[in-house]
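Residue numbers in the sequence shown follow this note's numbering, run continuously in steps of one, and reach 488 at the last position. Cβ atoms here follow ideal geometry from the backbone N, Cα and C, with glycine treated the same way. Below: one structure, written as structure tokens.
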Amino acid sequence: MTQTRETDVIVIGGGTGGYSTALRAAALGLEVVLAERDKVGGTCLHRGCIPSKAMLHAAELVDGIAEARERWGVKASVDSVDWQALVATRDDIVSRNHRGVAGHLSHAGVEVLFGAARLTGTRNVRVEGHGEVTARRGLVLATGSRPRTLPGLAPDGRRVVTSDDALFAPGLPRSVLVLGGGAIGVEYASFHRSMGAAVVLVEAAERLVPLEDADVSRHLTRGLKKRGIDVQTGARLLETAVLEDGVRATVRTARGETRTVEAERLLVAVGREPVTDGLGLAGAGLTTDARGHVAPADFSRLETAVPGIHVVGDLLPPPSPGLAHASFAEGLLVAEALAGLPTRPVDYAAVPRVTYSSPQTASVGLGEAEARAAGFEVDVNTMPLTAVAKAMVHGQGGMVKIVAERGGRVLGVHLVGPHVSEMIAESQLIVGWDAEPSDVAAHIHPHPTLSEAVGEAFLTLAGRALHQQ
20 MTQTRETDVI VIGGGTGGYS TALRAAALGL EVVLAERDKV GGTCLHRGCI
70 PSKAMLHAAE LVDGIAEARE RWGVKASVDS VDWQALVATR DDIVSRNHRG
120 VAGHLSHAGV EVLFGAARLT GTRNVRVEGH GEVTARRGLV LATGSRPRTL
170 PGLAPDGRRV VTSDDALFAP GLPRSVLVLG GGAIGVEYAS FHRSMGAAVV
220 LVEAAERLVP LEDADVSRHL TRGLKKRGID VQTGARLLET AVLEDGVRAT
270 VRTARGETRT VEAERLLVAV GREPVTDGLG LAGAGLTTDA RGHVAPADFS
320 RLETAVPGIH VVGDLLPPPS PGLAHASFAE GLLVAEALAG LPTRPVDYAA
370 VPRVTYSSPQ TASVGLGEAE ARAAGFEVDV NTMPLTAVAK AMVHGQGGMV
420 KIVAERGGRV LGVHLVGPHV SEMIAESQLI VGWDAEPSDV AAHIHPHPTL
470 SEAVGEAFLT LAGRALHQQ
């Protein structure tokens, strides 16, 4: 006999967008059922943000030992990297976070049903092994994304891998060809280089991280090349042969030359695509766009054209950036909308973006070219990070770039250098609250810190330059 019951809210997908929706809805007194076919925490926790950043921290430690020896006279060296020990530490961090998320959901009273979910109507969901559930308030689609692949280049998990596969590879390769120069490709190129691999990074666009300001791309590329990464932008992969001991790829460079690249591993990092397989969207009157996204009819509530069905996370098209921290905000918004509270749309223009490579990049708001294309007359200040003493200590270079409306608010802040991921939150507030350079210049940044460079850049824009000439 088919089991049918009711609840207030059904959330399909237990990643960052889904579980944040569930937790906030439960906190507002709603009865919530969350359907998840794998593990709560989603891609970010199990195959993305958390494990990859754990690995990048290990890479930073390796780089730090090299710096200690070569720059500071500390006679230290890396004998080897114990991959299994690195994986064990990474997996322990993931496991503890997973238990934390599961514990939060349980404590909040969210009922988690493990199994594939399918829409059977505008308020009905069938969960494999659990029967059918009807939502009194509404449904939330939060099924996330997976790595995109290329036609004729099927990942085998061994020689041709995605970012998911790279996390669970049996060991470290001696050489890697990374296809894709967005944040994911750059991070994996950086990681493998730190671990001693020869790395070729191929990007079809004219520059790396092409969605960022051009100066960010330039400084990042310079930093990666300085570390020995062979960066090829404006380049195309023509063909690939998978060999017993690696891959052989033919690449057309920006100069039109044909080049053969051999590597133990080819890592495909050409973006991600929404997951809607088996979700039964058509049965609920929903469709996807050309790239597989489910577009909301109203971005202020993230509600689709079918009343009561909301979307969060990677299923959303732009301007949602497909970032975990944006999906947290989207989950809060949707939960509050379902609870009948007044809502404020997510300010996508003030969502920070970070690439956790070495050097790191962090930005928020408009780049210079974007601002000019949007019709703004702008004032721009770009200064080297090494204009402040603390950046000299780190010795990695970098920059701070501020884009402001002429005589008005700050439109964008762009950083490249060590630890800039920890500096961008201040700039999110600056952009999100429409601050002007003089507003920021009135505040004192601690000395000596890297954040002091942000303060110095705003002092200059406000006409009060101190160290910057």
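Its Cα nearest to that of E292, the residue L169 stands out among E225, L169, G200 and A423. Note: H329 is bridge-paired with V159 and E322 in the DSSP secondary-structure output. Nearest C-alpha to I328 among P337, A316 and P336: A316. For T374, the enclosing beta strand (DSSP E) starts and ends at R372 to T374. Per DSSP, the beta bridge partners of M402 are V419.
Secondary structure of L49 (DSSP, three-state): coil. The alpha-carbon separation between S457 and A423 amounts to approximately 11 Å. Three or more beta-carbon pairs drawn from the stretch 135 to 144 and the stretch 156 to 163 are found closer than 8 Å, and the two stretches are therefore classed as touching. Across the structure, A282 and T259 are spaced so that their CA atoms are roughly 11 Å apart.
Closest in C-alpha terms to A135, from the list T479, G297, L469 and G386, comes G297. Taking all protein chains in view, the Cβ of E349 is crowded by 16 or more other Cβ atoms within 10 Å, so the residue is classified as buried.
Leaving aside the five residues that flank V397 on each side, the residues in its chain whose CB is nearer than 8 Å to its CB run, in chain order, E387, A390, R391, V422, A423, E424, R425 and L430. For L64, the secondary structure class from DSSP, reduced to helix, strand or coil, is helix. Residues V179, T259 and V287 of the same chain have their beta carbon placed closer than 7 Å to that of L172, with the five preceding and five following residues left out of the count. Among the bridge pairs identified by DSSP, R284 is matched with V195. Residue pairing by DSSP places T252 opposite E222 in a beta bridge.
Straight-line measurement puts the Cα of V412 at about 33 Å from the Cα of A345. Between H76 and I69, the alpha-carbon positions lie close to 11 Å from each other. Take P338, set aside five residues on each side of it, and the residues of its chain with a beta-carbon closer than 6 Å to its own are Y367, in chain order. Going by DSSP, L434 is part of the beta strand (DSSP E) stretching over V429 to G436.
For P229, same chain residues with a beta-carbon under 8 Å away, outside a window of 5 residues either side, are G200, G201, E222 and S236 in chain order. In this chain, the alpha helix (DSSP H) harbouring S346 covers A343 to L357.
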